[in-house]
Each structure stands twice: as structure tokens, then as C-alpha cells.
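Remarks on the structure that follows.
Residue numbers (my numbering): 12 to 621.
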């Protein structure tokens, strides 16, 4: 594979060896408007047609709910047991294969060998599709697959192993190799589960389909992601996923410095960073984030393709948003927004991003909010006795929070006429608009929870229409009034999500929103008190309509996450479940000021939530 021109392009000296500590970490756990006013959380079955209903008994068997908490079969502590070395592995990709010249004769592609000699490409690939090296059983021979690995010499072509006719009753007859099965599954299912929308316009799909067979890094990344998604139903694929993950990293490590500007290397490394949590839920791969940004800087200096550069830059922004709530921003290295592509052109048409949709600006504001909250909570946690310096730090943080609040209140979605249609009937534009609105309200919720003075400044009794256009404050609220207002805001956000059918591909970004609002779904204090007497003199717990709405909201969150786990069975979804359960357990125990970020840090339940 030839590297693009631009050898003399400026390349930051800080580019490090792309090995990254995540190679080791992957196997170890490191220490407005238009919505109904009522909150009628219907079951998922009621929202879907019969063909799309999910069998929750497969996940909850039987469905036992204790104190409103959703539980899964496996505890978080048992998510990643020590695994033996992979017994099933796909052969390593040989980068020298790309030096072989491929030509087209009529409608047939041929591979040139020595001078004047060619063989039909399809015949070559058919002959090289199986590898029986080191096989111990017919089953292992069927499972070991040799990736498309053309070589450049005649002698090596003569040594190809012919297709083995051994019977393999555990595999469908039409599956010739594990490699082809996994790659087919990836392009058919994994991309559609991973992105908020998918069609022939999806730039990530375009790059992958064009380059995965000619790029060792993308080849192994594709197989790793597919195997990870299938490992719940086929446990032996867990070792395949890890092996392919490490092979992709090793391939990138062995690439020349010049190749770091190639889009296939950059995309593969970003995908490996995003999906490190698929293998180890607590692995945030911040080292891979830093290296990805450095690689993007090199690519930006050598590539003038504005569309691909915008895609990679927005990918970094979305990735940063997920990280900054769970780790110090210092872990992001020299990441800066807009440093590569500049601010958006207000007259340019908006192409939805496969991850963030139309929420480019909202995601960036949420990132700034996350940086502020993490740093503020960290500094305040170390305060034993208040000093003037501590007060100065608080005032600085409050000013920044007020600025971000005003940014969210002033934000306006892109005009519909400027947005390019995704071409995905499962994710129409209005789904992306609702996610954008949910992000906006979620940002306000985080600000008002951590900086209650800002809610005091605008407080008026709850009215949905006043969320983004606050009227003059009526009075300074009590703590109970603030909590009730924030709970109504959380219920409003979940109303927005409920308007999006589960079949929408935006489900892949909804877990972050659900976790961020979970801490406001508290039962009223009356419901948590000791039993009283009912009208007939019998013992009865106090209950009110607000508590019923909050329990319905919890069930909506639990059912949607359960269904998401059913179609994308990744270990990290269980960690998200566990985090939400811990938040609710603390609330039900009567704790005040429970914040999901604090619980995630205390319980080591931080994971990539998108």
C-alpha cells in the first residue's frame, strides 16, 4: 500500500510510539417544544409493532425488580474473568501483500506474479482462503481462517494450501471462513448498531468498505469489533476479539511514521480506542485518544479533504465528551477544539455525523461542561478548611458555568433546510433533532445540579415551556424545591427519548443521557418514611403521583437499556446498568445530593457510554 504524498509535511515531534499502554490495559482492569406534558412511560412492547418486540425474559428470567432496581444476571466483578490464551485466531495480515500488482482483464481481476505470469484473482483468493497450520482437530481447521493475504512471488503461490473438505457440523454449510463470517456481520449489523444513522452516505462505512481489505489495521479492527459483539452468544469469540484487537495495534505499531497520515490507520486507531471498553469496560483508553489526536494533526497537515477531516475532527469531539466526565482533562493531552477545521461555516450545509448527528455544537458545550464539573468536583473534594483561594476557585468555576448555561440557552438547532438527509429511514431527521434537544437539556441539568446558585437565579415553578426561556425568578427555592424542579427536568428529558422509537439507531448514544439524568429520579421523602395507616387502619406506605411517575421513568430507562443489551450484548452495558442501580440505591437509602459522576468514581464504574 503506497503512502500518499507529503513526506515533508509538518509532523509534530510529540508523536509517540503508537504502542500505547492500552495494549496491556485491554486485558486488565485499571484502578424545546412539541412534547406531551404528561409522563406516560409505556412499555417498549406498546411502542413497537409486533415484529419488533423484544423478549425480555431472555434477559430477566424471571423479571425480578427489587426496590425499582434493574439487575442483570452477571455481577460487574465477573464481567472479565481471566481468559486463557486464544485458541482460535485468524492469521496475521501481511502488509507486503499490498505490493502485489492487481490488474483487470476484461471483467476479471488478475494477480501478477513473476514476469508475464498471472492467475485469476478469484482463484487465488479461493485457494488462499483456508489455513490449516497448527490445527489440532477438524473443528479448529474449520475455524482458523487465513485473511486475504496475496504474496508477491511464484514460489509462495505454489505453496498455498488447498481448500479443506473436512466436515464441520457446528458451522452452517455456507460459511467458508470465520473471517468472512465476521466481516459480513460487521458490515451488515455492527455498523448499524454503532452509528446513530447508516446509509450509503455514511462516510465511516465508505472508508471501511473501500479500504478494509487492503489495510491490515482496518482488517483486524473489523474482525475484533464483530467478534466482540458476538461473544455473548459465542463465548469462544471473546478470545478472537482480543487477539484481533492486539493484532490491529501491532500492525499500526509496525507501520512506518509516514503511514500515520493515512486515513485507514487513523480510523482504525480511533475505532480501537472507542471499542477498548468492549473488551474491558473500565478501559477508557485515554492514551489512545491522545495518540489519535496527534495522528489527526499529521493527517490534517497532509490531507486537504475537508469532508474526511471534518468527520475525524467531530469524532474526536464526541469521544472527548464521553471521556471528560470520567477522567481529568489533562489525560486528553493537547486536544483542542476547532484547531484543525476551524468554526463551522453558518452558510454551509450540515452533514450529520455518524456519532453526534447534528449536535456538533451541543456536544462541544457538553464537553466544556464535563471538563468544568470534573475539575471543580476534584478540587472541592480536597478542601478541608475553606480559604480565600478556595473561594476564588469557586467564583471562577461559577462564572464559567454561567457562561456555559447562557450558551445552551442561546443555542439554536441548524435550520432543517440546511441539513443533508441521511437516507436512513430508521433515523429520520426528527430523531437527530430530539437527541440534540435532549443533549441541551442534559447539559442544563448537570449545571444546575453542580452549581445550584444558577438555578436559584432563574427559579420559578416548573413549566416545560420556560426551560430554554426562563422568566424572572419568583423566589429563592428551598433544597426540596430545587430537587423537585430538577426531577421534572429529568422526566422531560426522558419524555424526549420516549418520543424516539427504540428501533431508531440513535439508541447507541442514549445511554449517556440516561445515566446523566438517573440521579434525579428520586422517590419523594414521604415514600421512604416508615409505614403509616391507611383508611382502614392497616399499615401502608405513603405514595403520591410524583413517586409513581419517577418509578415509571426508572422502568423506562431499565427496559430500554435491557433491550439495547439484547441487540448489542457488550459487557459495558452491564456496567452502565450497575452504575444506574448504585445511584438509585443511594437515593432510596435517603442519601442527599447523589451525583452519578461521584458514584462512578467511587465504585469504579466509569465506562464509555456511547
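Cβ coordinates follow ideal geometry from the N, Cα and C atoms, glycine included.
Query	Result
Considering only their Cβ atoms, is the gap separating residue 456 from residue 419 smaller than 7 Å?	no
So residue 369 packs on residue 445, CB below 8 Å; how close in whole Å?	Rounded, the Cβ-Cβ distance is 11 Å, inconsistent with contact.
If you draw a straight line from the alpha carbon of residue 397 to that of residue 408, how long is it in whole angstroms?	16 Å
When DSSP labels each residue in this structure, what does residue 364 get in the three-state scheme?	strand
Closer than 7 Å by C-beta to residue 2: which residues in its own chain qualify, once you throw out the five before and the five after it? Chain order, please.	Here the chain comprises residues numbered 12 to 621, so residue 2 is not present and cannot be evaluated.
Would DSSP call residue 430 helix, strand or coil?	strand
With DSSP collapsed to three states, give me the class of residue 1.	This structure leaves residue 1 out entirely; the chain is present only between 12 and 621.
Could you check the C-alpha separation between residue 393 and residue 400 for me, to the nearest Å?	13 Å
Please state whether DSSP places residue 595 in a helix, a strand or coil.	helix
Quick one: grab the DSSP three-state call for residue 617.	coil
Which runs of the alpha helix (DSSP H) fall wholly inside the segment 263–307 and span at least 4 residues, in chain order?	274–285 and 287–290
Take residue 460 and list the residues in its own chain whose beta-carbon comes closer than 8 Å to its own, dropping the five residues that flank it on each side.	497, 530, 531 and 606
Under a three-way DSSP split, which group does residue 221 fall into?	helix
If you drop the 5 nearest sequence neighbours on each side, which residues of the same chain put their C-beta closer than 6 Å to that of residue 488?	470
Any heavy atom of the ligand GDP closer than 6 Å to the Cβ of residue 286?	Absence of the ligand GDP from the depicted structure is noted, as is the absence of any ligand whatsoever, leaving it without description.
So, at 7 Å on beta carbons, what are the nonlocal neighbours of residue 205 in its own chain, with the 5 sequence-adjacent residues on each side left out?	519
For residue 379 versus residue 415, is the C-beta distance shorter than 7 Å?	yes
How many angstroms separate the CA atom of residue 571 from the CA atom of residue 297?	29 Å
Compute the distance between the beta-carbons of residue 450 and residue 373, then report whether it is under 7 Å.	yes
Given a threshold of 16 other Cβ atoms within 10 Å of its Cβ, counted over all protein chains shown, does residue 620 qualify as buried or as exposed?	buried
Just how far apart, CA to CA, sit residue 466 and residue 402?	20 Å
Using only alpha-carbon positions, find the residue among 427, 437, 429 and 384 that is nearest to residue 411.	384
Could you give the distance in angstroms between the alpha-carbon of residue 563 and the alpha-carbon of residue 307?	44 Å
Is it a yes or a no for the segment 316–333 touching the segment 277–288, going by three-plus beta-carbon pairs under 8 Å?	yes
Ordered along the chain, which non-local residues of its own chain (more than five positions away) have a Cβ less than 6 Å from that of residue 364?	325
Please state whether DSSP places residue 463 in a helix, a strand or coil.	helix
Return the CA-CA distance between residue 277 and residue 207, expressed in angstroms with no decimal places.	21 Å
In terms of residue numbering, what span does the alpha helix (DSSP H) encompassing residue 573 cover?	556–578
Going by Cα to Cα distance, which pick from 188, 212 and 219 is closest to residue 198?	219
Can you give me the Cβ contacts of residue 482 inside the same chain, cut-off strictly under 6 Å, excluding the 5 residues immediately before and after it?	471
Can you grab the Cα-Cα spacing for the pair residue 579 / residue 246, in whole Å?	15 Å
Since residue 206 is in the alpha helix (DSSP H), which residue starts that stretch and which ends it?	Unbroken run through residue 206: none, as it is neither H nor E.
So for residue 373, helix, strand or coil by DSSP?	helix
Note down, in chain order, each residue of its chain lying with its Cβ closer than 7 Å to the Cβ of residue 528, except the 5 sequence neighbours on either side.	453, 456, 501, 504 and 505
Since residue 362 and residue 431 are thought to touch, with beta carbons under 8 Å apart, how far apart are those beta carbons, to the nearest angstrom?	5 Å
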